[in-house]
């Protein structure tokens, strides 16, 4: 069932008051892809009367007051991504489109949404029940962090929002335990996976440099970040404490990743897989078309690309579902009259990490000074694509399923390192599971830039591309690779972008389409590099492009080759978009 979003829906359930009210910066889609929907369904199943306020109006109290005041707590999330990333491009331009807003216009999510919603609750409900922050924005901003949009170091989101608790990571365990303790009148401060503010620091917690120290000293900021990042593994992490003004941020060790059975249980909840009627009345929610008939096979990522926030939010340990659970979910699509027999995606942060994890990590925790995939896949990581091959075979053999696509990106270095089944896995993708294009993310070609990013070398991509092309020819298919590329990452200057342009033209023989300017997302190593101007692993100075026009110039450099080739065909000089506008 949908969580109630109106008083009328509460009454239809016989509920006169809610135990928990969830507030979200996204439209309410009841789907396993939407974190607030997962948490809401788990709370309802546990017996807590839970409602939701999606994208409430912040200019008055009409929306935030609609469901009354909860008995236990308010759960506040900015949505599926950080609200500043959702609202602004890397060039700090306001985004016009929002696929998580009905109608698609970016007009309903406030900047720094978690803070805005917390202020809204307190304005209309004085001395109310605890405010609990969660979601990606809360995870990435849980300690002092560099904020690109204000170009400053900000305090923990918990302090800025003046909330009571912050749940970080994938919060199923922590939220259920928090609800239980609040319901029983018990102290919730010992729960793993949460943060809170206190007057006195726990004696046995690891102290981070204070907010005041990291604001004034970039070396202290680097020290703080390394301590923070090194204590995110559920097995080895210590509790952390950081002085923020007159109080201390207490950061409990993280919750343990879900087991296979627990993953199956979460994804077996009775999701509606639709936008709530209250949201649908405002227009189409575009992201629904992508996720409605797709499957999440796993969560977590040990790739640790340094610009990516997944390791900080979902964790470095991959938790996978059973193939039986995934097949059952696929079979449930058959009862949907809108289902056309096509599963649009089976994947996770990287599709081919399914059912691959290091036994040592599961027993002793993640290595602190060694990475699973960089600079090459670790010999202790059992990279075997057999389980995913079998999963895809079972899915495409399910009666009523016409096609199963893998639309999530894959780690091509993992495919090549699997000498036993990597080629067979790629052949399965080529023959059965590619919808014209397969996504890969080389990001760059320059060795120094790739080292700063924590990505494999360009030669690895070329080897993979050759194998992909050979398999397509053997299968009699014309399918392509889609390449994600990044401009203006720390360490990248215009000369490096020229190298990338030449490499793309020479080796890939294509015009790039998926090029983005680097965004310093909070609590990532790349944001640390951007802020400090140094490589945190070597201490060496890094070139950092901070001028917005020069960042855009780096991006447009990649399109110049295509424009020049087109100009040669037509006999016309190819102007940049800016020059064209000046001519007009």
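Numbering (this note's numbering), first residue to last: 8 to 591. All residues carry an ideal CB built from backbone N, CA and C; glycine is no exception.
Worksheet item: Helix, strand or coil for residue 191 per DSSP?
Response: As a working mapping, residue 191 is identified with position 184 in the chain shown. In the structure shown, residue 191 sits in a helix (DSSP, three-state: H, G or I).
Worksheet item: Smallest Cα separation from residue 305: which of 70, 175, 270, 160?
Response: As a position in the chain shown, residue 305 is number 298, starting the count at 1. The residue with the shortest Cα to Cα distance from residue 305 is 270.
Practice prompt. Within its chain, find whatever has a CB closer than 8 angstroms to the CB of residue 303; leave out the 5 residues flanking it on each side and keep chain order.
Written response: Counted from its first residue, the chain shown places residue 303 at position 296. Excluding residues within five positions, the ones whose Cβ falls inside 8 angstroms are 39, 40, 274, 328, 354, 355.
Worksheet item: Considering only residues of the same chain and omitting the five flanking positions on each side of residue 575, which have a CB-CB separation below 8 angstroms?
Response: Residue 575 sits at position 568 when you count from the first residue of the chain shown. For residue 575, the predicted structure reports a pLDDT of 43, less than 50, and the residue's modelled location is therefore unreliable. A value from the coordinates is still provided. Excluding residues within five positions, none has a Cβ falling inside 8 angstroms.
Item to complete: Measure from the alpha carbon of residue 202 to the alpha carbon of each residue in 176, 471, 188, 187, then state which is nearest.
Response: What you label residue 202 is simply residue 195 of the chain shown in a count that begins at 1. Closest in alpha carbon position to residue 202, among 176, 471, 188, 187, is 176.
Worksheet item: Can the beta-carbon of residue 36 be found less than 7 angstroms from the beta-carbon of residue 337?
Response: As a first step, residue 36 is located in the chain shown; it is residue number 29 there, counting from the start. As a first step, residue 337 is located in the chain shown; it is residue number 330 there, counting from the start. The answer is no: Cβ separation not under 7 angstroms.
Worksheet entry | C-alpha distance - residue 124 paired with residue 467, whole-angstrom precision | Residue numbering aside, residue 124 sits at position 117 when the chain shown is read from its first letter. Residue numbering aside, residue 467 sits at position 460 when the chain shown is read from its first letter. Roughly 46 angstroms between the two C-alpha positions.
Fill in: Straight-line Cα distance separating residue 487 from residue 425
Translated into positions along the chain shown, residue 425 becomes position 418. Translated into positions along the chain shown, residue 487 becomes position 480. If you take the alpha carbons of residue 425 and residue 487, they lie about 22 angstroms apart.
Discussion item. Can you list, in chain order, the residues of its chain with a C-beta nearer than 7 angstroms to that of residue 490? Leave out the 5 residues immediately preceding and following it.
Written reply: Indexing the chain shown from 1 puts residue 490 at position 483. Cβ within range, chain order: 447, 449, 515, 519, 521.
Worksheet item: What runs of the alpha helix (DSSP H), each 4 residues or longer, lie entirely inside the region 483-558?
Response: If only complete runs of 4 or more residues are kept, the region 483-558 shows the alpha helix (DSSP H) at 501-510, 532-539, in order along the chain.
Item to complete: With DSSP as the reference, please indicate the residues paired to residue 205 in a beta bridge.
Response: Position 198 of the chain shown, counting from 1, holds the residue named residue 205. DSSP, once it has assigned bridges, lists 255 as partnering residue 205.
Worksheet entry | Run of the beta strand (DSSP E) containing residue 130, from where it starts to where it stops | Taking the first residue of the chain shown as 1, we reach residue 130 at position 123. No beta strand (DSSP E) holds residue 130; the alpha helix (DSSP H) holding it covers 120-131.
Discussion item. Checking the sheet assignment: what are the DSSP bridge partners for residue 80?
Written reply: Mapped onto the chain shown, residue 80 falls at position 73. DSSP lists 27 as partners of residue 80.
Worksheet entry | Neighbourhood of residue 12 by C-beta distance below 6 angstroms, restricted to the same chain and skipping five residues each side | Against the chain shown, residue 12 aligns to sequence position 5. Only 59, 283, 285 meet the Cβ criterion.
Worksheet entry | Cβ shell of residue 420 (< 6 angstroms), same chain only, five flanking positions each side left out | Taking the first residue of the chain shown as position 1, residue 420 is located at position 413. Hits under 6 angstroms: 463, 467.
Worksheet entry | N-terminal and C-terminal residue of the alpha helix (DSSP H) that residue 320 is part of | Taking the chain shown and counting its residues from 1, the one referred to as residue 320 is at position 313. Where residue 320 is concerned, the enclosing alpha helix (DSSP H) stretches over 317-320.
Item to complete: Classify residue 586 as helix, strand or coil using the three-state DSSP reduction.
Response: As a first step, residue 586 is located in the chain shown; it is residue number 579 there, counting from the start. No answer about residue 586 holds up, because its pLDDT of 38 lies below 50 and its placement is not dependable.
Worksheet entry | residue 342 - DSSP class collapsed to helix/strand/coil | Working through the chain shown from its first residue, we reach residue 342 at position 335. In the structure shown, residue 342 sits in a helix (DSSP, three-state: H, G or I).
Practice prompt. May I ask you to report which of helix, strand or coil DSSP gives residue 152?
Written response: Counting from one through the chain shown, the residue named residue 152 turns up at place 145. DSSP places residue 152 in strand when its eight states are reduced to three.
Practice prompt. Evaluate residue 321 with the Cβ neighbour count: other Cβ atoms within 10 Å of its Cβ, from every protein chain shown; 16 or more gives buried, anything less gives exposed.
Written response: Here residue 321 refers to the residue found at position 314 when the chain shown is read from its first residue. Residue 321 is buried by the Cβ-count criterion.
Item to complete: Examine the ligand SAH and report whether any of its heavy atoms sits within less than 6 angstroms of the Cβ of residue 364.
Response: Looking at this structure, you won't find the ligand SAH or any other ligand, since it has none at all.
Worksheet item: Do the region 523-535 and the region 93-109 meet, that is, are 3 or more Cβ pairs less than 8 angstroms apart?
Response: yes
Fill in: Three-pair Cβ contact test at 8 angstroms for the region 203-217 versus the region 248-259
yes
Item to complete: Give the C-beta separation of residue 75 and residue 24 to the nearest angstrom, bearing in mind that I take them to be a contact with Cβ-Cβ under 8 angstroms.
Response: As a working mapping, residue 75 is identified with position 68 in the chain shown. As a working mapping, residue 24 is identified with position 17 in the chain shown. Confirmed, about 6 angstroms.
Worksheet item: Of the residues 32, 64, 129, which one's Cα is nearest the Cα of residue 80?
Response: Against the chain shown, residue 80 aligns to sequence position 73. Comparing Cα positions, the closest option is 129.
Worksheet item: Helix, strand or coil: which one does DSSP assign to residue 450?
Response: The count along the chain shown starts at 1 and reaches residue 450 at position 443. Three-state result, residue 450: strand.
Discussion item. In this structure, how does DSSP classify residue 569 when only helix, strand and coil are distinguished?
Written reply: Taking the first residue of the chain shown as position 1, residue 569 is located at position 562. With a pLDDT of 47 at residue 569, under the threshold of 50, the modelled position of that residue is not reliable, and no figure is offered here.
Discussion item. Tell me which residue opens and which closes the alpha helix (DSSP H) that residue 44 is part of.
Written reply: For the purposes of this step, residue 44 is taken as the residue at position 37 of the chain shown. Looking at the DSSP string, the run of the alpha helix (DSSP H) that includes residue 44 is 42-52.
Worksheet entry | residue 324 to residue 399 span [Cα, whole Å] | Position 317 of the chain shown, counted from the start, is the residue given in the question as residue 324. Position 392 of the chain shown, counted from the start, is the residue given in the question as residue 399. Near 22 angstroms, if we compare the C-alpha coordinates of residue 399 and residue 324.
Discussion item. Along the chain, where does the beta strand (DSSP E) containing residue 140 start, and where does it finish?
Written reply: Here residue 140 refers to the residue found at position 133 of the chain shown. That run of the beta strand (DSSP E) goes 138-141.
Fill in: Element boundaries [beta strand (DSSP E), containing residue 296]
In the chain shown, counting from the first residue as 1, residue 296 sits at position 289. Bounds of any beta strand (DSSP E) do not take in residue 296; it lies within the alpha helix (DSSP H) bounded by 295-298.
Worksheet entry | 7 angstroms Cβ cutoff met for residue 87 and residue 33 | What you label residue 87 is simply residue 80 of the chain shown in a count that begins at 1. What you label residue 33 is simply residue 26 of the chain shown in a count that begins at 1. Yes. Within cutoff.
Worksheet item: What are the boundary residues of the alpha helix (DSSP H) that includes residue 431?
Response: The residue given as residue 431 occupies position 424 in the chain shown. Per DSSP, residue 431 belongs to the alpha helix (DSSP H) from 429-435.
Worksheet entry | Alpha carbon of residue 500 to alpha carbon of residue 148, nearest angstrom | The residue given as residue 500 occupies position 493 in the chain shown. The residue given as residue 148 occupies position 141 in the chain shown. About 28 angstroms.
Fill in: Residue interval of the alpha helix (DSSP H) (run including residue 266)
For this step, residue 266 is matched to residue 259 along the chain shown. That residue, residue 266, is in no alpha helix (DSSP H); it is neither H nor E in DSSP.
Worksheet item: Counting pairs of Cβ atoms below 8 angstroms between the region 181-197 and the region 222-235, do you hit three or more?
Response: no
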